[in-house]
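As you go down the protein sequences, you meet chains A and B in turn. Quick note: the first sequence, position 128, residue 139 per my numbering, numbers continuous. Quick note: the second sequence, position 129, residue 140 per my numbering, numbers continuous. Glycine is no exception: its CB is placed at the ideal position from the N, C-alpha and C atoms. Predicted, not measured: the structure shown is a model, and the values here were computed from it. Here the structure is laid out as structure tokens; the discussion comes afterwards.
Protein chains: 2
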Amino acid sequence: MRVMKGQVLQRAGELNTKVFGVETGLLRSYTIDEKGKEHIFAFANEGWTIADLCEVTDPCELFIDALEDSTITVIDKEERKKQVDINTVVNRIFVLQKRVIMLMSASALERYQHFLKTYPNIVQRVSQKMIASYLGVTPEALSRVRKELSKAE
Amino acid sequence: MRVMKGQVLQRAGELNTKVFGVETGLLRSYTIDEKGKEHIFAFANEGWTIADLCEVTDPCELFIDALEDSTITVIDKEERKKQVDINTVVNRIFVLQKRVIMLMSASALERYQHFLKTYPNIVQRVSQKMIASYLGVTPEALSRVRKELSKAE
DNA sequence: TCCATTTCTTGATCTAGATCAATGCCCGGC
DNA sequence: GCCGGGCATTGATCTAGATCAAGAAATGGA
Numbered sequence: 012m013r014v015m016k017g018q019v020l021q022r023a024g025e026l027n028t029k030v031f032g033v034e035t036g037l038l039r040s041y042t043i044d045e046k047g048k049e050h051i052f053a054f055a056n057e058g059w060t061i062a063d064l065c066e067v068t069d070p071c072e073l074f075i076d077a078l079e080d081s082t083i084t085v086i087d088k089e090e091r092k093k094q095v096d097i098n099t100v101v102n103r104i105f106v107l108q109k110r111v112i113m114l115m116s117a118s119a120l121e122r123y124q125h126f127l128k129t130y131p132n133i134v135q136r137v138s139q140k141m142i143a144s145y146l147g148v149t150p151e152a153l154s155r156v157r158k159e160l161s162k163a164e
Numbered sequence: 012m013r014v015m016k017g018q019v020l021q022r023a024g025e026l027n028t029k030v031f032g033v034e035t036g037l038l039r040s041y042t043i044d045e046k047g048k049e050h051i052f053a054f055a056n057e058g059w060t061i062a063d064l065c066e067v068t069d070p071c072e073l074f075i076d077a078l079e080d081s082t083i084t085v086i087d088k089e090e091r092k093k094q095v096d097i098n099t100v101v102n103r104i105f106v107l108q109k110r111v112i113m114l115m116s117a118s119a120l121e122r123y124q125h126f127l128k129t130y131p132n133i134v135q136r137v138s139q140k141m142i143a144s145y146l147g148v149t150p151e152a153l154s155r156v157r158k159e160l161s162k163a164e
């Protein structure tokens, strides 16, 4: 299935949400808080999947849209559960564990440096606004962090 | 296996770490940052498991210790992967998804209220210092949040 | 190509929560 | 039962990052 940049695949509140597999392109999942601010939960590029892992009977909390023109597959959650490798899922938990610890203990600078190291291929494909949102800081704060980094060569 | 309150089951940096199943009692996992501050990643009471889900060949990043005298089982990670129900693991991801979103968008008050609602049985069994650490705020900040809450009846 | 929109940057100010410090309290070990 | 160390509370101060604002630089659509 082909989707265009900007196309929304899932909105918060929807039921019976799916798992999206990315063949080419880039998707993201995010929430919008009560003040209207977006918080990016995840990026997914080639070879990755993205979903809101709520129960299929519950309204989801994440939006999912395309950051680039993409080719995707739509998979039913129950179907996916049958196929998925346990190691993949466990690794997903480990990545989230790292993320939680980051958010609890690391400064804006440390988070950005970790992001650069961990997702070098994503960095060039998304705006700083998106990176800031993923890191849990404002674009202004990220801009200043980058300025500091460039000053220090 | 019986462990006493305060006993450390795993230290950051150890290899070939295990999964701990709690039969009775209460365990926690946490990191210690470069300033020496503890950040609690998880609590596990009766019926739950707790672990650092890093690769068995990698040094782990979490400490695990007992907050109460407990009875536990020690399970090998590979063994556990064979037995574990995929729904359990997927739900774990969903809980972490909520936690990440919380940490990115919610105030200390909102986090505390969510914790009260989600883990009412843990609340009475741990100190406020522990709860504060889990929420990613200082004990002082949590104390003030609670004061506000009690004022509002 | 031009215009409009969005992004990035920079500056000024504000604020939630951190840090530091002092006190009283509880609780567990001896 | 007493003593000492961690815990909770409160107050004063500090600070990383948010917010607000305004200009410059990309970006994209017609």
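Q | Contact check, ARG13 (chain B) vs SER81 (chain B), beta carbons under 9 Å | A | yes
Q: Let me know the secondary structure DSSP gives ASN27 (chain A) once reduced to three states.
A: coil
Q | Neighbourhood of ARG136 (chain A) by C-beta distance below 8 Å, restricted to the same chain and skipping five residues each side | A | If the five residues before and after ARG136 (chain A) are omitted, its C-beta is found closer than 8 Å to the C-beta atoms of LEU37, ASN56, LEU78, GLU79, all from its own chain and listed in chain order.
Q | Opening and closing residue of the alpha helix (DSSP H) in which ASN132 (chain A) lies | A | 131-134
Q: Apply the 10 Å Cβ neighbour rule to LEU107 (chain A) and answer buried if 16 or more other Cβ atoms are within range, or exposed otherwise.
A: Its Cβ being crowded by 16 or more others within 10 Å, LEU107 (chain A) is buried.
Q) Taking three-plus beta-carbon pairs below 8 Å as touching, is the stretch 145-152 of chain A in contact with the stretch 14-27 of chain B? A) no
Q.
Using beta carbons (cut-off 9 Å, strictly below), is LYS109 (chain B) in contact with chain A?
A. yes
(Q) Please list, in chain order, the chain A residues whose beta carbon lies closer than 7 Å to that of LEU26 (chain B). (A) Per Cβ cutoff of 7 Å: no residues; LEU26 (chain B) is ~15 Å from chain A at best.
Q: Identify the contact partners of LEU64 (chain A) in chain B, using a Cβ-Cβ distance below 7 Å as the criterion.
A: By Cβ distance, chain B contributes VAL101, ILE104, PHE105, GLN108.
Q: Kindly give me the distance between the Cβ atoms of VAL101 (chain B) and LYS92 (chain A), rounded to whole angstroms, as I take these residues to be in contact under 8 Å.
A: 7 Å
Q | Option in B:GLU159, B:LYS140, B:PHE54, B:SER138 with minimal Cα separation from THR129 (chain B) | A | B:PHE54
Q: Please classify LEU64 (chain B): is it buried, with 16 or more other beta-carbons within 10 angstroms of its beta-carbon, or exposed?
A: buried
Q. Using the C-alpha atoms, what's the distance from SER144 (chain A) back to ILE104 (chain A)?
A. 21 Å
Q) By the 10 Å Cβ neighbour count, where 16 or more other Cβ atoms means buried, how is GLN21 (chain B) classified, buried or exposed? A) buried
Q: Determine, using beta carbons only, whether HIS50 (chain A) comes closer than 9 Å to chain B.
A: yes
Q: Compute the beta-carbon to beta-carbon distance between MET115 (chain B) and LEU114 (chain A), rounded to the nearest angstrom, for a pair I have assumed lies under 8 Å.
A: Distance from MET115 (chain B) to LEU114 (chain A) at the Cβ level is roughly 7 Å; contact confirmed, criterion being Cβ atoms closer than 8 Å.
Q | Presumed contact (8 Å Cβ cut-off) between THR68 (chain B) and GLY32 (chain B), rounded CB distance | A | 22 Å between Cβ atoms; not a contact.
Q. Using the beta-carbon of each residue, which ones in chain B are nearer than 7 Å to LEU153 (chain A)?
A. The premise fails here: LEU153 (chain A) is roughly 14 Å from chain B at the closest Cβ pair, so nothing lies under 7 Å.
Q. What are the partner residues of THR35 (chain B), as DSSP defines its beta bridges?
A. B:THR82
Q: Would you verify that the beta carbon of SER161 (chain B) is, or is not, closer than 9 Å to some beta carbon of chain A?
A: no
Q. From ILE43 (chain B) to VAL30 (chain B), what does the alpha carbon distance come to, in whole angstroms?
A. 20 Å
Q | 8 Å Cβ shell around GLU25 (chain A) - same chain, five flanking residues per side excluded | A | PRO70, CYS71
Q) Of the residues B:GLU34, B:ALA23, B:THR35, B:PHE52, which one's Cα is nearest the Cα of MET182 (chain B)? A) Outside the shown range of chain B, which is 12 to 164, sits residue 182 (chain B), and nothing can be said about it.
(Q) Taking DSSP's pairing of strands, which residues face TYR41 (chain B) in a bridge? (A) TYR41 (chain B) pairs with B:ILE51, B:PHE74.
Q. Beta-carbon of ASN98 (chain B) versus every beta-carbon of chain A: anything under 9 Å?
A. yes
Q.
Check for me: the alpha helix (DSSP H) holding VAL100 (chain A) runs from which residue to which?
A. 97-116
Q: Whole angstroms is fine: what's the gap from HIS50 (chain A)'s alpha carbon to ARG39 (chain A)'s?
A: 10 Å
Q) Quick one: is THR149 (chain A) near chain B, going by C-beta distance under 9 Å? A) Chain B, which has no Cβ nearer than 9 Å to the Cβ of THR149 (chain A), makes this no.
**Q.** Whole-angstrom distance between VAL111 (chain A) and GLU45 (chain B), CA atom to CA atom
**A.** 16 Å
(Q) Taking the straight line between their C-alpha atoms, what separation do you get for ASN132 (chain A) and GLU90 (chain A)? (A) 30 Å
Q) If you draw a straight line from the alpha carbon of ALA62 (chain A) to that of GLU34 (chain A), how long is it in whole angstroms? A) 15 Å
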